[in-house]
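Residue numbers (the numbering used here): 831 to 1111.
Taking it in order: structure first as C-alpha cells, then the write-up.
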Ligand code: NDP
C-alpha cells in the first residue's frame, strides 16, 4: 500500500484564505501581539513567519521584542498592560522563556479571552470539559488535517504519542471530544510499538527523529507527524520514518509540509475568534 499524503501546505493555505475572507468582512483589523524574550534563533524565525502570515490574512501582528534580562515581574506587568489594552485581541508569549522566568506564572497572567495559544489553565480546563475554548494551535491544526483528509474519528482508536501540555494532552482531549477512543503513550509506556500498532489514527509528538517505524503502523492507519527535529546534517526530520511508514499507512503527513503550516493558520483563526468573541461582548 502507498499512503495518501496529507498536504498541510495546501490545507493551511486554504484555511488562511478563508480567514482572510472573514477578516475582510470585519469593520476592524484583529490585533495579535507576540511577546518575544531574548534571541532564540528558532523563535525569531517562527515569529517572523507568523507576522507574514498574519498580514496576508488581514491580521495586524505586532512583535514586542524584549531583552533576555527581562524579569518575570516585568514580563507579567507587560502582559497585564496588553490585557488592559482594548485594541489588543490576542496575546502570544513565545516559549521558551529565560530560565529564571516561570512559564506557568506568565501564562496564568494572560487574559484567557486573549490567550490565542490556548495554554491558560482556564482554556485548558474548558477544553478538557468539552466546552468552547481557545484550543492550542498545533492539535487544533491536526484536527483540521484529519477533517480535510476525511478521516473518520468517531469510534476510531487513536494513539497520541507524547503527553506535553502544548501538543499531546490537548491533542488527546480534542480527539476524545470527537469521540475517538484515545490512548496517550509516553516515555514510560511499555511495548510502545504494540500500542501504536493498535491505532487507526496515530499522532506522533515526541521530538525523537524517526522513532516511529514501519512495523509500528497498522495497515491503512492514518499517521500524523507533529515532530520537527533538526538532524546533525541540518535537514528536518519528523518523529516518523516517513518513507517506510508511507508504505503501510493509509494516509500520512510529511515533515515539513504537514502539521507545521497548520499551526500558524490555527493561530490566526484563534486570533480572529478571540477578536470576534471579545468585541461582541
Ligand atoms: P516535549 O519534549 O514537551 O514532549 C515530548 C513527549 O514525548 C513527552 O511526553 C515524552 O514523554 C515523550 N517521549 C519522549 N521520548 C520518548 C520516547 N522515546 N518514547 C516515547 N515517548 C517519548 O515535546 P513537544 O510536545 O513540545 O513537541 C514534540 C515534537 O513536536 C517536537 O519535535 C517539536 O519540535 C514538535 N512540535 C511541532 C509543532 C508544529 O507546529 N509542527 C509545534 C509544537 C511542537 P515523557 O512525558 O514521559 O517525558
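Just so you know, even glycine gets a beta-carbon here, dropped at the ideal spot from N, CA and C.
Below 6 Å CB to CB, which residues in the same chain sit around residue i once its five sequence neighbours on both sides are set aside?
i	result
residue 865	894, 923
residue 1086	1066
residue 941	913
residue 956	963
To which residues of the same chain is residue i closer than 7 Å at the C-beta, ignoring the five residues directly before and after it?
i	result
residue 854	888
residue 873	866, 924
With distances taken Cα to Cα, identify the nearest neighbour of residue i among the options.
i	options	result
residue 987	969, 993, 998, 1026	1026
residue 1101	1059, 1029, 967, 984	967
residue 897	870, 920, 912, 918	870
residue 930	939, 1051, 950, 903	903
residue 875	925, 1081, 1013, 1037	925
residue 933	901, 955, 916, 960	901
residue 850	1091, 862, 1099	1099
residue 1048	1032, 950, 992, 921	1032
residue 832	1107, 1106, 1077	1077
Measuring CB to CB, does residue i end up less than 8 Å from residue j?
i	j	result
residue 983	residue 1005	yes
residue 1079	residue 1042	no
residue 935	residue 908	no
Quick check: does the Cβ of residue i come within less than 7 Å of any heavy atom belonging to the ligand NDP?
i	result
residue 950	no
residue 842	no
residue 1018	yes
residue 994	yes
residue 1036	yes
residue 912	no
residue 1041	yes
residue 919	no
residue 1093	yes
residue 1002	no
residue 1064	no
residue 1050	no
Leaving aside the five residues before and after residue i along the sequence, list all residues of the same chain whose C-beta is less than 8 Å from its C-beta, in chain order.
i	result
residue 975	836, 838, 841, 1054, 1083, 1088, 1089, 1092
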